[in-house]
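Chains A and B are the protein sequences, given in the same order. Residue numbering for the first sequence follows the numbering used here, beginning at 1 and increasing consecutively. Residue numbering for the second sequence follows the numbering used here, beginning at 1001 and increasing consecutively.
Protein chains: 2
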Amino acid sequence: MPGTYAGCILRVNLTEGRIEKERPSEEVLRTYIGGRGLGSYYLWRMMDPTADPFSPENPLIFATGPLTGTPAPTGGRYMVLCKSPLTGLIACSNSGGKFGAELKAAGYDMVVFEGEAREPVYLFIQDDRVELRPAEHLWGLDTHETTDRLLEEIGDERARVACIGPAGENRVRLACVINDKHRAAGRSGVGAVMGAKKLKAIVVRGTRRPEAPDKQVFMDFIRQKLGILEKNPVTGEGLPRLGTKVLDSIINENGLYPTRNFQTGVFDSTHEVSGEALVEKGYLKKNRGCYACPIKCARVTELPTRSKGEGPEYESGWAYGACCGVKDLIAVTEANFLCNRLGLDTISAGVTIACAMELYEKGYLPKEDLGPGPELHFGSSEAILYYTEAMAYRRGLGDKLAEGSLRLARAYGHPELSMSVKGQELPAYDPRGAQGHALGYATSNRGGCHVRAYLISPEILGVPEKLDPQSTEGKAQWVKIFQDLTAVIDSIGLCLFTSFALSVEDYRDLLSAATGFDYTVEEMMTCGERIWNLERLFNLRAGMDPSQDTLPKRMLEEPMPEGPNKGAVVRLSEMLPEYYRVRGWDETGQPTPDKLKALGLA
Amino acid sequence: MPGTYAGCILRVNLTEGRIEKERPSEEVLRTYIGGRGLGSYYLWRMMDPTADPFSPENPLIFATGPLTGTPAPTGGRYMVLCKSPLTGLIACSNSGGKFGAELKAAGYDMVVFEGEAREPVYLFIQDDRVELRPAEHLWGLDTHETTDRLLEEIGDERARVACIGPAGENRVRLACVINDKHRAAGRSGVGAVMGAKKLKAIVVRGTRRPEAPDKQVFMDFIRQKLGILEKNPVTGEGLPRLGTKVLDSIINENGLYPTRNFQTGVFDSTHEVSGEALVEKGYLKKNRGCYACPIKCARVTELPTRSKGEGPEYESGWAYGACCGVKDLIAVTEANFLCNRLGLDTISAGVTIACAMELYEKGYLPKEDLGPGPELHFGSSEAILYYTEAMAYRRGLGDKLAEGSLRLARAYGHPELSMSVKGQELPAYDPRGAQGHALGYATSNRGGCHVRAYLISPEILGVPEKLDPQSTEGKAQWVKIFQDLTAVIDSIGLCLFTSFALSVEDYRDLLSAATGFDYTVEEMMTCGERIWNLERLFNLRAGMDPSQDTLPKRMLEEPMPEGPNKGAVVRLSEMLPEYYRVRGWDETGQPTPDKLKALGLA
């Protein structure tokens, strides 16, 4: 098997309790790389995309990339793939920490779950030893309790755990998978699919380390790329210093920090909840890095309430902060901790609560529906915590919140108040402030998402070059390149943050040296394009209409009320036709037979 | 030794590391009963009242009453006495839980600490075995950590711990002593005196139970009084159902629920933070009782943030709630938990933060003094938590907050904004709404306090009979009787809450049966009057001027702005001269020689 691949895929049939190992073909590996690419390929091959996400027909895949578990900088990523119960489309959620590297060290590129267990189970992996074990005693526990109990149970503290909390068990469509207690494969409700399968956790311990064909060449490249990352102002200074929360002030000053359910892009209390505030108020205790990471952007925090954990990241802090109008950094951080324990995606959970707040304040959500819960006013610290818990347990109004903002807003007759694309909640950049980023939202294969084409980088941060955020010109091409490159990075098993510093050549160097496949930049980028098109095919087959390549009406029709982007709306119609064109798709958004053929997809 | 007394007083000289036992005289016991009375007598005998509260000359006394540790209903109280660093006057703070009963079971009526240790120590008591042990390893720990570590260290989970947290160590003038993790000898800064002595904790285990001279008679009385408590609507239903927080709605509806530092007596968000809300929101998990208590008013709570603890009680919930304008029951409960862990008096801490909020909002406390802390606006959940922690560690503005509201308000040039009497913060009843209760505040020997003469009972609750709260007529006599009876109850070792149901005869029955002293009601009540006058003597000797028998200017001059008491001020001048008269004091507030002679104090 080539280089740093483990060369083994674990197939676990939960219905039958059967575990098998299979060897992936070299051709498939070279064509789909690993991680997101390889997982998508398996998903495509294994399932009918029209299947119900909660049915046994929906596989759940844990995938590593060829660089996962290697000393390559940030080489600790893994992904969870399935059909999303939130969007009904393909889901691929990426996570860091140390679980992914451990899975690779145990000897597996992927674990593919099929079917559905009758009673709760967990998967125990210790190198070659793989067992499904009863998890009745873990059902109902939160992710921290589950992790502690499992490590105690197996008697090996070096093992790594990925699991779901109550939210996943209760099929909350915003449920995530949590590994290493604080890291999340967050988006698209992958945790709910795990819950539907009655799979509580995977605990893994591995003792093998992947080896590159020429260790010397690989290590030389690694040292070189480490140097690049260290010298880069974002990966070498900004992220290590303030973590992702370096962004609060920048994005707010640029007027695209979505506030009170995207009613505006300026939050006048940003200074109270920013990354700087987290440091100055003394809540940040230290930084922490994922496996093999030189950036170490994770925040280890402790609050005056004595709560300890990691976070908030920029997105989480924003979703529960500005988006809910809350300027209380303690409550925001507690909400983040709570999401991690309950197994909820912070972005979707926070934005769904923000949506409920707007529905309540506008009088569409009647007071009696709150039951004994606190009033759902923007700015309420208690509300964000109370309804987060209610959501995870589907208690009272929480049962509606658990369905996500689109189903919630629909239930109250105002779907336009759901700030989502394809049913997935938008992240922390008001698209009216960055046209290219907006196009990225509208065309993302997993719905509202900032890590499929992070155009904020050129449009706001000026990396690799500064683009005018309000110009639509050429943005389609930028979005395509970012989407394809991101698909590559997610497949390799590296963290997207490396892309602030590394070039396509850098990724090619590492990937080729690790696998022994002698990629050119072109071949590698074609892999990215192939993956993107495969995801698109999955979605179309699942029933997605290309008319869903759009944004909430507010983004297209309500001018930004204040700040640097005052008056702006997203001019999607100026970009979308061009995007279809540069993608080689027809004007209705369908990949052309020629394009599919060129990519080996037809 | 008579009856349920242990017959032994432990004297611990911290300077010399010397431990001695002494036998109290029967005459002194009969004259001062125990607890508050006996402790005050020792304090009076042992110290020069002008001594600095933080000097080794200030003794620190842990006192039980004759009924402490017996099966008498609520027989679990103990008191902590010393000269207060907050008021400069006599301090006697009462607590429940199980520590007091354990101390009695170990064979001690009181523990009297003198001097000051050079290095941190704790006192270990296991029946006759008594040792001072090093506590360097406990210094800096909070009260929960200290308790857990001590129980582990001595290897006996049945032992009971009373200790201080960081607030006491740092001589915060609002520091309390915490026992059994959640119970507080809360007021007047007794924890700071313990900290000044470098006494971190007392851990006690006792195996002896006090015995009444005629067990049958005693048990018959106990059964009879239990029946009375069970049938009473307050002790048999109101307090068991909602705990002390049964009061929020009642006091708010009556318009004396002090809001935003006593700027008004109506809080429009009471329904969000009331005892009912605590139940309905699901934060209340169950009730818990102190030693031998049939009322079980303690609240065991758990928040969506996963924090667990006890509380909030009515006073604590109000101090951090309405008084700070906060309607977030999670933050309020977290603040309560935090005070317990840090060892802070919730009333004084909350009211001091409320004072800072008014100073800030009025522009007297400049923004730069906040440092990196959140803005001190009324209603801020983050502010109450942030500044509570800052106070305990004396960080930034916390150093000024740690001095209490009067010193804080003085430092900013506006002492009139401190809602305190004799330097101690007022509790949760706006005195403009109950004239008799107001007189109780003005004349309390320990400054602002509701449990020296709880006139709320007749004036608002109608127990034992309904008095017009806005009438001043006859209130002086009521206050005197309540003050004397409370001194008796505190000395006996029972909980003041029994007085909603029990009569003076009931207390006499229990006290006489327990001790074998054949008290008449008159003799017993004279003990109460004696204790009150002794405390007064201590205060006058300490330098208190009777002009301090007053209230904040706001209470006397600013008419209540709204609600049932709209327009009311406290008409103290209509009551104070009469109070001095019924006390047998001269018109300047000095006890007359005749009165002192009659009480055996001259």
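Glycine is no exception: its CB is placed at the ideal position from the N, C-alpha and C atoms.
When the alpha-carbon of B/Met1525 is set against those of B/Glu1057, B/Arg1394, B/Val1488, B/Met1544, the nearest one is in B/Val1488. A/Gly227 and A/Arg241 have their C-alpha atoms some 18 Å from each other. Interface criterion met: the Cβ of B/Ile1330 is under 8 Å from a Cβ in chain A. Relative to A/Pro552, the option among A/Val570, A/Arg173, A/Gly189, A/Tyr122 whose CA is nearest is A/Val570. As the crow flies, the alpha-carbon of A/Leu67 is around 41 Å from that of A/Gln263. B/Tyr1386 reaches chain A at Lys281, Pro304, Ile330, counting residues in chain order whose Cβ is nearer than 8 Å. Every unbroken stretch of the beta strand (DSSP E) spanning 3 or more residues and falling wholly within the stretch 248-307 of chain A is given here in chain order: 284-288, 298-302. For A/Gly75 against A/Leu494, the beta-carbon gap comes to about 6 Å, under 8 Å, which counts as contact. Between the alpha carbons of B/Ile1330 and A/Glu334 lies a distance of about 11 Å. Where B/Val1488 is concerned, the enclosing alpha helix (DSSP H) starts and stops at 1475-1492. The beta carbon of B/Glu1136 does not come within 8 Å of any beta carbon belonging to chain A, so the residue lies off that interface.
Residues of chain A with a Cβ closer than 8 Å to the Cβ of B/Ser1381 are, in chain order, Asp328, Ile330, Ala331, Ser381, Glu382. Under the Cβ distance rule, A/Ser307 counts among the residues neighbouring chain B, one pair being separated by less than 8 Å.
When the five nearest sequence neighbours on each side are left out, the beta carbons in the same chain lying within less than 8 Å of the beta carbon of B/Asn1232 are those of Phe1500, Ala1501, in order along the chain. Under DSSP, B/Val1080 takes part in a beta bridge, and its partners are B/Phe1062, B/Ser1093.
At the C-beta level, A/His414 and A/Glu310 stay beyond 8 Å of one another. By the criterion of at least three beta-carbon pairs nearer than 8 Å, the stretch 476-483 of chain A is in contact with the stretch 450-465 of chain A. Taking a Cβ-Cβ threshold of 8 Å, the residues of chain A close to B/Pro1372 are Ala277, Glu280, Lys281, Gly282, in chain order. The three-state secondary structure of A/Cys323, taken from DSSP, is helix.
Around the beta-carbon of B/Pro1591, 16 or more other beta-carbon atoms lie within 10 Å, marking it buried. The way I'd put it, the stretch 23-31 of chain A doesn't touch the stretch 49-59 of chain A; fewer than three beta-carbon pairs between them come closer than 8 Å. B/Ile1251 and A/Thr147 have their C-alpha atoms some 46 Å from each other.
With contacts defined by Cβ atoms closer than 8 Å, A/Glu302 and A/Lys285 form a contacting pair. Among the residues of chain A, those whose CB is under 8 Å from the CB of B/Leu1338 are Pro304, Thr305, Arg306, following chain order. In terms of beta-carbon proximity, B/Arg1341 lines the interface with chain A, with at least one pair separated by less than 8 Å.
Under a criterion of Cβ atoms nearer than 8 Å, the residues of chain B adjacent to A/Glu272 are, in order, Pro1374, Glu1375, Glu1382.
The CB of A/Glu389 comes closer than 7 Å to the CB of Pro1304 in chain B, given here in chain order. In this structure, the beta-carbon distance from B/Ala1453 to B/Thr1486 falls below 8 Å. Between A/Val203 and A/Ala175 the beta-carbon gap is near 19 Å, outside 8 Å, which marks them as no contact.
Between A/Glu315 and A/Ala184, the gap from beta carbon to beta carbon reaches 8 Å or more. Annotated three-state conformation of A/Met419 is coil, per DSSP. It is roughly 19 Å from the alpha-carbon of A/Leu556 to the alpha-carbon of A/Tyr580.
If you check the CB distance, A/Leu60 and A/Tyr78 do not come in under 8 Å. Taking 4 residues as the minimum length, the alpha helix (DSSP H) runs contained wholly in the stretch 187-219 of chain A are 190-196, in order along the chain. Annotation: Cβ neighbours of A/Glu334 in chain B (cutoff 7 Å, chain order): Thr1305. Straight-line spacing of the CA atoms in B/Arg1554 and B/Leu1401 works out to 21 Å.
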